[in-house]
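Residue numbers (the working numbering), protein chains in the order written: chain A, 19 to 134; chain B, 19 to 148. Note that beta-carbon positions come from the ideal geometry of N, C-alpha and C, so glycine has one too. Please read all numbers here as calculations on a predicted model, not as lab measurements.
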Amino acid sequence: MADMQSILIVTFAALWGSFGPVFFKKGAANLTRDLRKNLYNWPLWIGVIFYGTSSMMFIYALKGQQLSILYPIVSTTYIWVSMWAMIFFNEKMNTWKWLGIASIILGVSLLGFGAV
Amino acid sequence: MKRKTPTWTILLVLFCTVLTTSAQVSWKYGADKLVIDPIAILYNYNIWLGFFFYGIGAILLIYSLKYGELSVLYPIIATSYIWVAILSMILFSESLNFFKIIGILIIVLGVSLIGYGSRKEDVESYEVAI
């Protein structure tokens, strides 16, 4: 079994980590050929912080736990990122893309089941 | 017809997943001989190689996001689960079972559906434009 604490941490980390790619996308728009200027591209660093902290939460919460329960929660991050893409970047989702997200979540969940 | 997510950005993200998986494998090797000693960690080249792969992967991902859609490119990262399962089988002799094989196939299907959906969207916006 996965304990309640791990489930809560993983649920939060999936949502928290979904902001990493949002800031990467925002910072990516201002990438320049001047490499040094990119170091002052603050959205990229915020993205790195979101990614890093969520990874640490995942590593802590997944250790020794039953992945069949936690992997499906980990993959909710794909739903969040699709939603942020619509809200913040005006990207369009359609039935095919949502079916793709659903399949990925199912596939990742099955990997979790197989890991038992 | 202009593509909102050019094919090369999709291929680049696929390459990123190979890099980040290599990083994880490298860390796995590094963790196996990890000792709590700053000098030993300094010489544990697997750890540094892992950071190197991860860093290059992140830079290429950010670069591809400049030219492609987040809703298409981000889910492609799920393919890294496939490389992890295959490499774990080859390098660490972890077995593939029924669930894992079906899971891998469904992830491939999911990523393909997203690619298909993105092309569909390009065609629709092109038809509206003309």
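Beyond the five residues adjoining it in sequence on each side, Y99 of chain B comes within less than 8 Å, by CB distance, of G121, I122 and I125 in the same chain, given in chain order. S40 of chain B sits close to F71 of chain B, with the two beta carbons spaced by under 8 Å. K81 of chain A has a beta carbon lying at 8 Å or more from every beta carbon in chain B.
For a cut-off of 8 Å, the C-beta gap from S36 of chain A to V92 of chain A is around 11 Å, too long to register as a contact. Residues of the region 101 to 115 of chain A whose Cβ lies closer than 8 Å to any Cβ of chain B, in chain order: W102, A103, M104, F107, E109, K110, M111, N112, T113, W114 and K115.
When the alpha-carbon of V102 of chain B is set against those of A:L129, A:F107, A:K115 and A:T94, the nearest one is in A:L129. In the structure shown, I148 of chain B falls within a coil segment according to DSSP collapsed to helix, strand and coil. Every unbroken stretch of the alpha helix (DSSP H) spanning 4 or more residues and falling wholly within the region 33 to 64 of chain A is given here in chain order: 37 to 46 and 53 to 56.
Nearest to T71 of chain A by alpha-carbon distance, out of A:T29, A:W34 and A:L124, is A:W34. L88 of chain B places its beta carbon 8 Å or farther from that of V31 of chain B. A check of alpha carbon separations from K118 of chain B across A:W116, A:A47 and A:I122 identifies A:I122 as the nearest. Taking a Cβ-Cβ cut-off of 8 Å, the neighbours of A96 of chain B in chain A comprise S93, Y96, I122, G125 and V126, given in sequence order. A Cβ-Cβ separation of about 22 Å leaves V40 of chain A out of contact with W114 of chain A under the 8 Å criterion. Listed along chain B, the residues sitting closer than 9 Å to A47 of chain A by beta-carbon distance are L83 and K84. For chain B, the residues of the region 27 to 55 of chain A that bring a beta carbon within less than 8 Å of one of its beta carbons are P39, V40, F42, K43, G45, A46, A47 and L49, in chain order.
Counting along the chain, the unbroken alpha helix (DSSP H) around V43 of chain B starts and ends at T25 to D50. If you draw a straight line from the Cα of L49 of chain A to the Cα of N115 of chain B, it comes to about 43 Å. Burial state of P93 of chain B is buried, judged by a 10 Å Cβ sphere holding 16 or more other Cβ atoms. With a contact defined as Cβ atoms closer than 8 Å, Y89 of chain A and V126 of chain A qualify at about 5 Å. Taking every protein chain shown into account, the CB of W45 of chain B has 16 or more other CB atoms within 10 angstroms, so this residue is buried. Going by beta carbons, G75 of chain B and L37 of chain B fall inside the 8 Å limit. Using a Cβ-Cβ cut-off of 8 Å, N115 of chain B is close to G132 of chain A, given in chain order.
Close to G118 of chain A, with beta-carbon spacing below 7 Å, are these residues of chain B in chain order: P93, G128, V129, L131, I132 and G135.
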